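Keeping their order, the protein sequence lines are chains F, H, C and Y.
The numbers in the first sequence follow the working numbering, run straight up by one, and end at 153.
The numbers in the second sequence follow the working numbering, run straight up by one, and end at 1153.
The numbers in the third sequence follow the working numbering, run straight up by one, and end at 2153.
The numbers in the fourth sequence follow the working numbering, run straight up by one, and end at 3153.
Just so it is clear, CB atoms sit at the ideal spot from N, CA and C, and this is done for glycine as well.
Since this is a predicted model, take the numbers as computed values, not measurements.
Take a look at the structure set out below.
4 protein chains.
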Amino acid sequence: MRVVAVIGSSNSTEEEYQIAYEVGKELAKRGLAVVCGGRTGVMEAVCRGAKEEGGITIGIMPSYEGNEANPYVDIKINTGMGWNRNPIVVASGEMVIAIGGHWGTLSEIAYALILGKYIVGYKTHGIEGVDFARTKEEILGKVDEFFKTTAGN
Amino acid sequence: MRVVAVIGSSNSTEEEYQIAYEVGKELAKRGLAVVCGGRTGVMEAVCRGAKEEGGITIGIMPSYEGNEANPYVDIKINTGMGWNRNPIVVASGEMVIAIGGHWGTLSEIAYALILGKYIVGYKTHGIEGVDFARTKEEILGKVDEFFKTTAGN
Amino acid sequence: MRVVAVIGSSNSTEEEYQIAYEVGKELAKRGLAVVCGGRTGVMEAVCRGAKEEGGITIGIMPSYEGNEANPYVDIKINTGMGWNRNPIVVASGEMVIAIGGHWGTLSEIAYALILGKYIVGYKTHGIEGVDFARTKEEILGKVDEFFKTTAGN
Amino acid sequence: MRVVAVIGSSNSTEEEYQIAYEVGKELAKRGLAVVCGGRTGVMEAVCRGAKEEGGITIGIMPSYEGNEANPYVDIKINTGMGWNRNPIVVASGEMVIAIGGHWGTLSEIAYALILGKYIVGYKTHGIEGVDFARTKEEILGKVDEFFKTTAGN
């Protein structure tokens, strides 16, 4: 199964929520599973979109019980590690999409760069190494390009 | 999605491998996903059985890349944490099945007990709190009983 | 600095507390630092004993703030990882002393065995690979033997 | 014991190394222990400076064995968690000093901000929330101010 990590704030703006939701739908249409931090905001939006198109959603949860998962998470990975779970989110995606985001997202961008992951960013931290997109279409164009290249199809 | 954690040695005996393989098939037939440590031995066997029946398999991997996953793992959760990933395996299952096993399995049994998980054991460490089964049928009877009780169906 | 990991229950018996306290004193007299889980019971006792003899005590704390540390911890390593910190405790000692203990201690014994650490046990889990002692004197005799051997003095 | 976390690249410039070395000396003179990632570059420099003034140095190590520690680390906390150890470094300091740095340092700055730590930065990532200093004297002035405020002396 091919998996994309989607990161962003649990307190997203409406616009970020909408973009994440639509990105979730499009990832699911492409047969790509979503891994995220499993909570609210961007994480909820991308899971919600993915589920509406029959995709698979994985939440890397802060607690041991996973009760904080948003209702669109299929598979809860219960880490019990709080914010220390962040590197696991990005390590579990073949590539990373960052939408908006605060300090948690910054830590995930840093780990994605440490691990050599390709990162597409939308209105997120201005960190060198992130490939910025200005629209949903640009995000998805970069995703398609990435999977065309790495999968060889 | 309902998930069962299956733990056991990466160096399993043939008999443990066979039991784990058959347990994997039966879990998949019941619509239960499998989470495990993603490697060889019991972990490979249970994933292999589950995949043959169309189940979903999740591997909590030691490395950041997950290249050590057995070929029957669908979803690789790449932790980069080596053996420290063990509590995540058991925390991510609603219940735990232990088949054989060495010190890694002992650490997982301990964490399952810390977290209050129900554990069915087959030829594993003689730890108080583990509910021992002597056959594949007994293991599955206990699994069915657990899900009947907790799911209310 | 040479460091010994001391593990045991946060709900120790009075006798376990007393033994851990005296072991802490003796470790400090030998110039050995103590690393433990930083909480109550055996962990508190060993830190208290060590501090009374001018030793150094290190607590591997469950929280990000370390406010749960017992008052005899000098250095708080704040993990934010709850019980997942357990392997760090045993990995940070050259050898391990287990006094009494419940499931948390069992997980630490398992990790100590995974990591190939020498473990002296006192009224703890009956796990193969633990070297059992019946008195404080026996514990310390085994500690002295270990450091004589590994330090070459 | 009062502890300052010092973060920065394992591949530091000579100037960063020199600054970190002098900061290490000054922290030790103030009776402040140093916690860091335990490796080369800025981490080595700050430990080296601290040891020359009789300070205490703590390394949060990537491996289970800690053999990668620089020779100026007194206490090795062996995590076995690779880069996932980064949040532990900053959580274990009362405040954080960032000197230069690459993606690992960025992840630590992000975690310091998540955890609400005060961060002094010298030629490091231009992240909002970091209090920038341009000289060794400015770094130490900010450290003194911080401890005056939080310790009430």
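Only those residues of the segment 3086-3118 of chain Y whose C-beta falls short of 8 angstroms from the nearest C-beta of chain C are listed: P3087, I3088, A3091, S3092 and L3115. Residue state for I1139 of chain H is assigned as helix, using DSSP reduced to three classes. Taken atom to atom, the span from the alpha-carbon of A20 of chain F to that of E145 of chain F is near 19 angstroms.
H:N1086 is the residue among H:L1115, H:M1095, H:N1086 and H:I1114 whose C-alpha sits nearest the C-alpha of H1102 of chain H.
Using a Cβ-Cβ cut-off of 9 angstroms, Y2064 of chain C counts as an interface residue toward chain Y, since at least one Cβ of chain Y sits closer than that to its own. With the criterion set as a beta carbon lying under 8 angstroms from some beta carbon of chain F, the segment 3002-3013 of chain Y has no members that meet it.
Taking 7 angstroms as the upper bound on Cβ-Cβ separation, chain Y lies near residues G1080, M1081, G1082, W1083 and N1084 of the segment 1067-1084 of chain H. Shown here for A33 of chain F: same chain residues with a beta carbon closer than 6 angstroms to its own, the five before and five after excluded, namely M1, V3 and I56 in chain order.
At a cut-off of 9 angstroms, the C-beta of I3139 of chain Y has no neighbouring C-beta in chain F. Separation of the CB atoms of I99 of chain F and V42 of chain F is rounded to 5 angstroms, and the pair is thereby assigned contact status at 8 angstroms.
Around the beta carbon of K76 of chain F, 16 or more other beta carbons lie within 10 angstroms, which makes this residue buried.
Counting along the chain, M3043 of chain Y sits inside the alpha helix (DSSP H) bounded by residues V3042 to E3052. Chain H places no beta carbon closer than 9 angstroms to that of V42 of chain F, leaving this residue out of the contacts. Using beta-carbon distances, A1033 of chain H counts as an interface residue toward chain F, with a partner under 9 angstroms. Judged by beta-carbon spacing, G2024 of chain C lies beyond the 9 angstroms limit of E2065 of chain C, meaning their Cβ atoms are not closer than that value. Any Cβ of chain F closer than 9 angstroms to the Cβ of I3060 of chain Y would place that residue at the interface, and such an atom is absent. Taking 9 angstroms as the CB threshold, I3019 of chain Y stays off the interface with chain C. Chain Y has no Cβ within less than 9 angstroms of the Cβ of I2127 of chain C.
The Cβ-Cβ distance between V1073 of chain H and I1097 of chain H does not fall below 9 angstroms. The residues N86, in chain order, have a CB closer than 6 angstroms to that of S107 of chain F in the same chain once the five nearest residues on each side in sequence are set aside.
Rounded to the nearest whole angstrom, the C-alpha separation of T124 of chain F and G3082 of chain Y is 26 angstroms.
Counting C-beta atoms within 10 angstroms of its own C-beta, G3104 of chain Y has 16 or more neighbours from the protein chains shown and is therefore classed as buried.
In this structure, C:G2080 is the residue among C:A2050, C:A2069, C:E2068 and C:G2080 with its C-alpha nearest to the C-alpha of S63 of chain F.
In this structure, G2038 of chain C places its C-beta atom within 9 angstroms of the C-beta atom of A2069 of chain C. In this structure I109 of chain F is in contact with I127 of chain F, their Cβ atoms being roughly 5 angstroms apart against a cut-off of 8 angstroms.
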